[in-house]
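Novice: Before I ask anything, here is the structure I am working with.
Okay, structure coming up:
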C-alpha cells in the first residue's frame, strides 16, 4: 500500500509540475486582479483625476456631482498659483520645514540608535520601549498632548518659563510673566513647536532602523578601529557610516517624503485651516479646495505641484530599493 | 564614568520620548483643581476617574456619545482590515509563489504607489465619493482606507508567504491535495501570524486617519473618533482633563497593537529587500 502510494506519488511528482506550469499561467494574474483593481481605482485613477481637475474651474460641489458644466481653463490655475506671491511663502515654508525636520530627525534618530547599541541590555530595553511609545502614539493625540504642554495658562512650558528667575527671564526674553503668552501666534515659534512634535513622532523610526542596521555590522570592525586609536567621531564616519550608507539613503528619502506632506500635526496645532502664514503645500491645497468658497480646481493644481516634487524624491527611492534588492 | 554618561543620555531620551504619553495619562487622572493649579504636580495627588466617567457617559458632541464614535471608528477599521487582508493575501501569494512576466513590474508599482502623497488625493477621491453617492457614509472611508493600506499590506505579507517552505505545498500537492486545499490547509495557517501583523498595520492606518474622515463625512452621528475629537477639542479646548481622557482611550488600542507588530514595520519599510 505504502509502496504503491509512494510509486504513484513519484510518478505524479514527475508529471504534475509540467502539467501545472502550463495550466498555472493565468493563476497569478487572477490572484493579482483584486489588488490591481483596488490600486487602479482608488490610487491611480484619482491621481489622474487630480491632474485633470487642475485644468478646470471647479467652484461648487454641484459641478463635482455632474449637475453643472466644467469650464476648461487650461493652465490658468497654475498661472494663478505661481503668480501669487503667497505661493512663494508656502513653498519656502514647506521646503525649509522639510529640510529642518529631516536633518533634525536623522541626527537625533541616529544618535539614539547608536546609544541604544552601546547601552546595557536592561537599559537598552527600557529606553527602546519608551522610544516605541512616541512612535506608536497617533499623530492626532500626540499633537493634542503637545498642545496641552504648550497651553498658555496651565501648560507645563508656560509654568516652566514662569518659574525662571524674573530678572533673567526679562533680560533674555523681555518678559517675566508668561501666563497668556500665545506660543502658536508667531509663525517662527509655531514652526519650532511643529518641528518638535514632528521630530518627536518620527525619530523613533530612524533610531530603530539605525539600530537594526548596526546589529548587522560586525562589532569587531568598530573594535578594531578603536584599538587602532580612532576616536568615536572617526569610528562613526570611517567604519559605521559606510556600512549603513544604503540604510541611511532610504531613511533620508522616506523622511523627506513624510515631512513634505505633514498635515495632521499642523491641522491640529493650528486649530484648522485659518492660519495662512504657516501654510505648507498640503494644507494650502486642502484649504483652497475645501474652505468656503470651495476652489477644487485650484486646490488640485497645488496638489499636483506637491506630487511632482515628491515624484522626484520617489524616483530616487525606487532606484535605491531596487539596487538593494539586486545586492541581496 | 563613561557608562554613567551613556545611561544618563539614555534616561534623557526615554524621558523625552515617553513624557508626553505619560503626561496625557497623568492629566486624565487628575481632578480639575490639580490640572489648573499654578504649580503642576508630576504625579496625580488624588487620582480620579471622573474625566473618564464624563467622557463615557456624557455626549462628546451634543447628541452623540464617545461610544458611538468609537464604534464608527471600529467598524471602519475592522472592515478595512478584512478587505485589505483578503486582497493582500491573494496578491502576496501570487508574488511570492509564482514567477510570471509582470512580477517585477508589479513590485515596482507597489513601491511607487506607496509614495503617492495621499494628501493630494483628497480632492479627486471627494469627487469619486460624490459621484458614487457615498458622501456622508462610512463605506466611503472603508473604500479610501482599503486603497491606502493595501500596497504596504501586500509588500509586508509577501515576505511572510515567501518564508513558508515551498516543499510543504509541493508535498501536499503530491499527496493529491487540490490547489484550494493546499492554500487553505497548508499555506493559510502558516501565514496567519503574518496576516495578523499586516492586519494590525491596516487597522492603525484606518483608526488614526483624520483628513479624509473630516472631508467625506458631514453627519455628526457618523463621525469617526479622530474627527469627533478635533471637534470636541476645538469647541472646548480648556477641558483638558476630558480631552486627555478621550485621547488616552483613543491611543491605548493603537499602542497595544503597535507594540505587537513594530518589528515587522521596520523590516517592511527599510529592508525593501525582504526576499520574495
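Residue numbers (the working numbering), protein chains in the order written: chain A, 9 to 336; chain B, 440 to 715. Here a beta-carbon is modelled for each residue, glycine too, at the ideal position from N, C-alpha and C. All of these numbers come straight from a predicted model, not from anything done at the bench.
#1: Please give me, in chain order, every unbroken run of the alpha helix (DSSP H) with length at least 4 that falls completely inside the region 612-698 of chain B.
#2: Whose C-alpha, out of A:308, A:162 and A:331, is nearest the C-alpha of residue 72 of chain A?
#3: If you count every other CB in all the chains shown that lies within 10 Å of the CB of residue 236 of chain A, and 16 or more means buried, which is it?
#4: Evaluate contact between the region 187-196 of chain A and the region 155-174 of chain A, counting only Cβ atoms and requiring at least three cross-stretch pairs below 8 Å.
#5: What does the Cβ neighbour count give for residue 29 of chain A, buried or exposed, with the cut at 16 atoms within 10 Å?
#6: Show which residues of chain A have a CB atom less than 7 Å away from the CB atom of residue 443 of chain B.
#7: Which whole-angstrom value is the C-beta distance of residue 544 of chain B and residue 595 of chain B, which I expect to be below 8 Å?
#8: Which same chain residues end up closer than 8 Å to residue 201 of chain A when comparing Cβ atoms and leaving out the 5 residues on each side of it in sequence?
#9: In chain order, what residues of the region 291-304 of chain A put their CB closer than 9 Å to some CB of chain B?
#10: For the candidate residues B:653, B:563, B:573 and B:605, whose alpha-carbon lies nearest to that of residue 310 of chain A?
#11: Report yes or no: is there a C-beta of chain B within less than 9 Å of the C-beta of residue 157 of chain A?
#12: Okay, do the region 512-526 of chain B and the region 579-599 of chain B touch, 3+ Cβ pairs below 8 Å being the bar?
#13: Taking only runs that begin and end inside the region 71-127 of chain A, name each unbroken beta strand (DSSP E) of 3 or more residues, in chain order.
#14: Would you check if there are 3 or more beta carbon pairs closer than 8 Å linking the region 525-534 of chain B to the region 265-274 of chain A?
#15: Would you say residue 161 of chain A lies against chain B (beta-carbon separation less than 9 Å)?
#16: Do you know how far the Cα of residue 566 of chain B is from the Cα of residue 312 of chain A?
#17: In angstroms with no decimal places, state the Cα-to-Cα distance between residue 589 of chain B and residue 505 of chain B.
#18: What is the rounded straight-line gap between the Cα of residue 463 of chain B and the Cα of residue 448 of chain B?
#19: Near residue 101 of chain A, which residues of its chain fall below 6 Å by C-beta distance, leaving aside the five closest residues on each side in sequence?
#20: For residue 64 of chain A, list the residues DSSP reports as bridge partners.
#21: What does the alpha-carbon distance come out to for the pair residue 587 of chain B and residue 633 of chain B?
#22: Just to confirm before moving on: does the CB-CB distance between residue 616 of chain B and residue 212 of chain A stay below 9 Å?
#23: Can you name the residues that DSSP bridges to residue 503 of chain B?
#24: What are the complete alpha helix (DSSP H) segments, minimum 4 residues, inside the region 231-292 of chain A?
#25: Touch check for the region 47-56 of chain A and the region 296-306 of chain A: three-plus C-beta pairs under 8 Å?
#26: Could you tell me the distance, in whole angstroms, from the CA atom of residue 601 of chain B to the CA atom of residue 234 of chain A?
#27: So what's residue 308 of chain A in DSSP terms, helix, strand or just coil?
#28: Quick one: measure Cβ to Cβ for residue 553 of chain B and residue 591 of chain B, integer angstroms, because I've assumed they're closer than 8 Å.
#29: Would you tell me roughly how many angstroms separate the C-alpha atoms of residue 67 of chain A and residue 305 of chain A, rounded to the nearest one?
#30: Whole angstroms is fine: what's the gap from residue 651 of chain B's alpha carbon to residue 561 of chain B's?
#31: Closer than 7 Å by C-beta to residue 470 of chain B: which residues in its own chain qualify, once you throw out the five before and the five after it? Chain order, please.
#32: Tell me which same chain residues have a C-beta within less than 6 Å of the C-beta of residue 70 of chain A, skipping the five on either side of it?
#33: Could you round the C-beta distance between residue 671 of chain B and residue 499 of chain B to whole angstroms and report it? I think they count as a contact, below 8 Å.
#34: Nearest CA to the CA of residue 103 of chain A: which residue from A:203, A:183 and A:74?
Specialist: Once the coordinates are examined:
#1: 627-647, 650-655 and 664-674
#2: A:308
#3: exposed
#4: yes
#5: Residue placement at residue 29 of chain A is poorly supported in this model, since its pLDDT is 49, which falls under 50; the coordinates still yield a value, given next. Exposed.
#6: The premise fails here: residue 443 of chain B is roughly 11 Å from chain A at the closest Cβ pair, so nothing lies under 7 Å.
#7: The pair is not a contact, with the Cβ atoms about 20 Å apart (cut-off 8 Å).
#8: 154, 158, 191, 192 and 277
#9: 291, 293, 294, 297, 298 and 304
#10: B:563
#11: yes
#12: yes
#13: none
#14: no
#15: yes
#16: 16 Å
#17: 29 Å
#18: 23 Å
#19: 288
#20: A:80
#21: 19 Å
#22: no
#23: B:500
#24: 240-243, 249-268 and 272-278
#25: no
#26: 40 Å
#27: helix
#28: 6 Å
#29: 7 Å
#30: 7 Å
#31: 485, 487 and 489
#32: 76
#33: 5 Å
#34: A:203
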